[in-house]
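Just so we're aligned: 236 in the working numbering is position 228 of the sequence shown, and the numbers increase by one with no gaps anywhere.
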Amino acid sequence: MVVGAGITVWSNGLAALDTLGVADAVRAASNDLTQVRIIDRGGRELMRQTSQPGSIVALHRRDLNAALLAALPPDSVHTSTGATVVDADDGVVEAAGSTDRYDLVVAADGVHSPTRLRWWPEAGGEQDCGIRAWRAVVAGAAEEALTVWGPSGECGILPLPGDTTYVFGASRGRARDEGLAYFDDWVDPVPTLLAAIDEPIVHELTDLDPVRHPVKGRTVLIGDAAHAMRPHLGQGAGLAIEDAVVLAQYCASGVFDGTGFENARRRRWAGATWIARRATMLMMPSNRLLGLAHTVAPLVPNRLMLGAADRIAGWRP
């Protein structure tokens, strides 16, 4: 089973994990990202993103999964394939050859959510961003955390524990069709690290207009099923973790407060999606806008350029 490559968790996600008692375990399996330099493909520094120790971490996705699983009682997680919500209003699910009714069904079945497509037809499907993304973990630790911006493409380099590095990127337009070869003439260590990739995980990016009413009867959408966003904000996992914690808060009385959950999350999802879409234009501008975006970036104080991302990361339970 593919469990992904690397992942970043910002302070909002860590705060949510703190309420579950697992943030320390996640930090212990992570590399602390106190500084990320942002440069153009020729190596010119555009800005620096700095953060307090322990507020942004990078780790392997499997280690995040392991930390969450370790906090649960043994044998409390059961997986099956082909689970289907056959009645959203009444919380009826068919899985592993049996049909059962639940007080609450949490559909966290991803951007391509069959549950959303069947029971929320008004929400529509995901939208093609016209961007091809790739990611991998390679041997050897990078000297520093970098984000490299270029015309119609971007590349990220994040050191991970265990003498490994998370390498990821995306491209669009004609660059999309060139694959990793598009980055061959970018500043080192980009081409060196890409040459070390055996088999990247590649997918076409899609996003989703946040579902305005994610609660239908006894069923609720959370995570990418409700608000899949572009990865340029680095908040996909963080918002999904938030969703789970807030959902638990609105179940604390023993009766799920669906209206309260929707009101608590709707503006949050909309704001993060809006910022992620604008971040794409800054990080991987078209050739026509490249000069303007990368000329202006070094002249603008970091707090202004990165302020929107910081506001998203400032959420607390």
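Even glycine gets a Cβ: it sits at the ideal position worked out from N, Cα and C. Values in this document were obtained by computation on a predicted structure and should not be read as measured data.
Contact under 8 Å by Cβ, residue i with residue j
i, j, result
"D117", "G99", "no"
"S19", "S63", "yes"
"P218", "A233", "no"
"V94", "V113", "no"
"G105", "V195", "no"
"S160", "M291", "no"
"T123", "A115", "yes"
"A284", "L216", "no"
"A144", "I209", "yes"
"A153", "P167", "yes"
"T214", "C163", "no"
"R319", "T288", "no"
"E207", "R140", "no"
"Q243", "A280", "yes"
"A79", "L28", "yes"
"W323", "K224", "no"
"D97", "R226", "yes"
"G12", "R69", "yes"
"V119", "A75", "no"
"A24", "P325", "yes"
"F191", "G177", "yes"
"A150", "I165", "yes"
Where the beta strand (DSSP E) through residue i begins and ends
i, result
"I15", "14 to 17"
"M328", "Any property of residue 328 remains undetermined from this structure, which presents the chain solely from 9 to 325."
"H235", "Segment 232 to 235 is the alpha helix (DSSP H) holding H235; no beta strand (DSSP E) there."
"D48", "43 to 48"
"V34", "Where V34 is concerned, there is no enclosing beta strand (DSSP E), although the alpha helix (DSSP H) it sits in stretches over 31 to 36."
Range covered by the alpha helix (DSSP H) that runs through residue i
i, result
"A256", "244 to 257"
"A79", "Element bounds for A79: n/a, residue is neither H nor E."
"L216", "Premise fails: L216 is in no alpha helix (DSSP H) and is neither H nor E."
"L290", "266 to 291"
"D171", "Note, D171: premise wrong, no alpha helix (DSSP H); not H, not E."
"R324", "Segment: none, R324 is in no alpha helix (DSSP H) and carries neither H nor E."
Residues sharing a beta bridge with residue i, DSSP
i, result
"G164", "T155, F176"
"V223", "V228"
"D40", "V65"
Residue-chain proximity (residue i, chain C), Cβ-Cβ < 8 Å
i, result
"V145", "Within the model displayed, chain C is absent; a lone protein chain is all it includes."
Residue i CB to nearest heavy atom of the ligand GDP below 7 Å
i, result
"T214", "Of ligands this structure carries none, so the ligand GDP is not represented either."
Scan the segment 88 to 162 and note each continuous beta strand (DSSP E) run of 3 residues or more that stays entirely inside, going in chain order. 92 to 95, 100 to 103, 106 to 109, 113 to 115, 135 to 147, 154 to 158
Quick check for students: name the residue ranges of the alpha helix (DSSP H) that lie wholly in the segment 173 to 211, counting only runs of 4 or more. 182 to 186, 198 to 203
Please determine if the segment 46 to 55 and the segment 165 to 177 are in contact, where contact requires at least 3 C-beta pairs separated by less than 8 Å. no
The segment 250 to 257 touching the segment 269 to 289, judged by at least three CB pairs closer than 8 Å: yes
Three or more beta-carbon pairs under 8 Å between the segment 197 to 214 and the segment 31 to 38, yes or no? no
Could you tell me whether the segment 63 to 75 touches the segment 12 to 31, using the rule of 3 or more Cβ pairs below 8 Å? yes
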